[in-house]
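Going by my numbering, the sequence shown opens with residue 59, and the numbers climb by one from there.
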Amino acid sequence: MDDLKLLRELGHTLEHEPPASLVRQRRRLLDAAAGKSGKSRGAWLKRRAGLWAVAAALGTAVVTAVVTVVPTLMFSGGSTSVSAPLGGDRPEKAPGALNVLLVGTDPGAGTQKPSPAESITLVHLPENREKPLLISVPLDLHVSQPECRSGSGAVSPPRTGMINAAFTAGGLPCLWRAVESITRVRIDHALELDYSAFRGVVDALGGVDITLPRAIDAPQVKLVLPAGEHRMNGEQALGYIRLRQEGGGSDAERVKRQQVLIRSLVARAKERILRPAQLTALVEGIREHVKTDSFDALVEVATSLADLEPKNIVSITLPWEPHPSEPGALIPSIKQMDELLAPLRGGRPASPLPTITITRKPQATTTITVRPEAPR
59 MDDLKLLREL
69 GHTLEHEPPA
79 SLVRQRRRLL
89 DAAAGKSGKS
99 RGAWLKRRAG
109 LWAVAAALGT
119 AVVTAVVTVV
129 PTLMFSGGST
139 SVSAPLGGDR
149 PEKAPGALNV
159 LLVGTDPGAG
169 TQKPSPAESI
179 TLVHLPENRE
189 KPLLISVPLD
199 LHVSQPECRS
209 GSGAVSPPRT
219 GMINAAFTAG
229 GLPCLWRAVE
239 SITRVRIDHA
249 LELDYSAFRG
259 VVDALGGVDI
269 TLPRAIDAPQ
279 VKLVLPAGEH
289 RMNGEQALGY
299 IRLRQEGGGS
309 DAERVKRQQV
319 LIRSLVARAK
329 ERILRPAQLT
339 ALVEGIREHV
349 KTDSFDALVE
359 VATSLADLEP
369 KNIVSITLPW
379 EPHPSEPGAL
389 IPSIKQMDEL
399 LAPLRGGRPA
409 SPLPTITITR
419 KPQATTTITV
429 RPEAPR
């Protein structure tokens with residue numbers, strides 16, 4: 059498996075080494091917050107370019123990819139609107155590493171309230187912060203979801219179904235618990251952004267370059283383009299990430315398109331550095347579209363990644379296999395997922411992921427049960 063081979067090659071970077079530049083980067087952020095002057099234009103440009111790279115590091119999910127930099131830089135001290143899941147059955151934390159759950163929502167795609175999750179990404183930042191690992195979670199993944207308490211305090215009972223149903227049932231806190239339960243990787247922070255912010259970011263960058271292998275005729279998402287190279291504006295890029303008809307309509311294919319778009323978006327961001335006035339206007343435009351458990355923590359994340367090179371970002375998809383009886387649906391590939399995630403887990407040796415039992419009932423009904431064990 060190519061993804062696993064790539065991860066093995068990253069083994070030494072997934073070990074916990076001291077971040078040599080963290081002190082200098084934190085001082086830089088504190089100076090900026092205090093309004094200190096004297097920084098050269100060249101230094102400001104370098105910092106801004108690095109922070110656009112942070113955007114990619116904090117979100118393969120396309121909507122989060124570039125927008126993440128804005129709250130992490132500008133909203134320090136802002137109010138939080140998401141509570142971390144509580145309970146003693148959470149995975150153990152890996153010392154020094156940081157894991158962030160990123161969720162993109164699309165209020166414009168329908169009338170369902172709350173808006174369903176349109177993209178789910180688990181971001182693993184090793185202690186040295188040199189090579190972030192971005193793991194896309196397919197929305198069509200069928201899993202067992204544990205009981206959880208939503209942001210409103212309501213208790214959502216255990217259920218089995220597509221993983222994005224956890225978000226619909228209880229918002230970001232319930233999806234947080236579901237992803238921890240499946241992966242046995244402790245999530246430190248979570249960030250939710252809606253696609254309304256994405257359109258403005260693409261337009262602020264002057265568009266994003268995409269090569270289409272075939273023509274797209276999808277007026278339902280406002281995207282009608284011939285095959286070939288295109289510089290998509292915000293509306294077209296939004297249609298591209300909403301598109302479901304290409305590749306048989308599977309979410310796995312859509313994840314691949316998102317990963318193509320993020321690479322192009324990072325390249326474009328490196329070319330165009332926004333002036334302070336432009337960045338401020340962009341912040342004001344997306345403020346209402348951001349939810350997180352801790353703005354201050356995300357500021358520190360952004361600071362520690364300020365010198366990150368986009369070429370060092372690794373994007374993969376959580377291993378899966380086709381559902382045995384539901385066309386288009388997926389189930390986790392347990393053995394491969396366990397091998398992939400073992401280096402990301404905390405202190406003790408990682409225990410195997412829970413076995414998925416598929417029980418065939420009369421009338422071809424299939425249920426999938428995942429029974430996670432509490433860390434010992």
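Every residue, glycine too, gets a C-beta built ideally from N, C-alpha and C.
- Between alanine 155 and proline 184, the gap from beta carbon to beta carbon is short of 7 Å.
- Within the same chain, Leu156, Asn157 come within 6 Å of aspartate 246 by CB-CB distance, once the 5 residues on both sides are set aside.
- A direct Cα-to-Cα measurement between proline 380 and histidine 200 gives close to 10 Å.
- A distance below 7 Å separates the beta carbons of alanine 276 and leucine 301.
- Under the three-state reduction of DSSP, isoleucine 268 is assigned to strand.
- The DSSP assignment places 217-220, 247-252 as complete runs of the beta strand (DSSP E) inside the segment 216-252, in order along the chain (cut-off: 3 residues).
- The Cβ-Cβ distance between leucine 180 and leucine 197 does not fall below 7 Å.
- Valine 266 and leucine 283 have their alpha carbons spaced roughly 14 Å apart.
- Taking isoleucine 374 as reference, the option from Thr269, Arg321, Glu287 with the minimal CA-CA separation is Arg321.
- Membership of alanine 152 in any beta strand (DSSP E) is not indicated, and neither H nor E is assigned to it by DSSP.
- In the DSSP assignment, arginine 289 falls within the unbroken beta strand (DSSP E) covering 286-290.
- Within the model, the alpha-carbon separation for tryptophan 234 versus lysine 349 is close to 13 Å.
- By the neighbour-count criterion, in which a residue is buried when 16 or more other Cβ atoms sit within 10 angstroms of its Cβ, alanine 223 is buried.
- Judged by DSSP in its simplified three-state form, glycine 258 adopts helix.
- By alpha-carbon distance to valine 259, the top candidate from Leu399, Glu205, Glu287, Leu323 is Leu323.
- Taking C-alpha positions only, arginine 242 is separated from glutamine 294 by approximately 37 Å.
- The alpha-carbon separation between tyrosine 253 and glycine 404 amounts to approximately 33 Å.
- Under the three-state reduction of DSSP, glycine 297 is assigned to helix.
- Contact annotation, glutamine 203 with arginine 217: C-beta distance approximately 5 Å; criterion of less than 8 Å satisfied.
- The alpha-carbon separation between lysine 314 and alanine 262 amounts to approximately 24 Å.
- A buried status is given to proline 231, since no fewer than 16 other beta-carbon atoms sit within 10 Å of its beta-carbon.
- For glutamate 176, the enclosing beta strand (DSSP E) begins and ends at 175-183.
- DSSP places lysine 369 in the helix class (H, G or I) of the three-state scheme.
- By the neighbour-count definition (other C-beta atoms within 10 Å, threshold 16), aspartate 396 is a buried residue.
- About 7 Å separates the beta carbons of proline 174 and phenylalanine 225, which is inside the 8 Å limit, making them a contact pair.
- Judged by DSSP secondary structure, leucine 388 falls within the beta strand (DSSP E) whose first and last residues are 388-390.
- Taking C-alpha positions only, arginine 289 is separated from glutamine 316 by approximately 16 Å.
- Collapsing the DSSP output to three states places arginine 187 in coil.
- Apart from the 5 residues on each side of it in sequence, methionine 220 sits with its Cβ closer than 7 Å to the Cβ of Leu197, Asp198, Leu199, His200 in its chain, given in chain order.
- The beta carbons of proline 153 and glutamate 238 sit no closer together than 7 Å.
- The beta-bridge partner set that DSSP reports for alanine 276 consists of Leu281.
- A Cβ-Cβ contact shorter than 7 Å links glycine 297 with leucine 281.
- If you draw a 10 Å sphere on the C-beta of serine 194, you find 16 or more other C-beta atoms in it, and that means buried.
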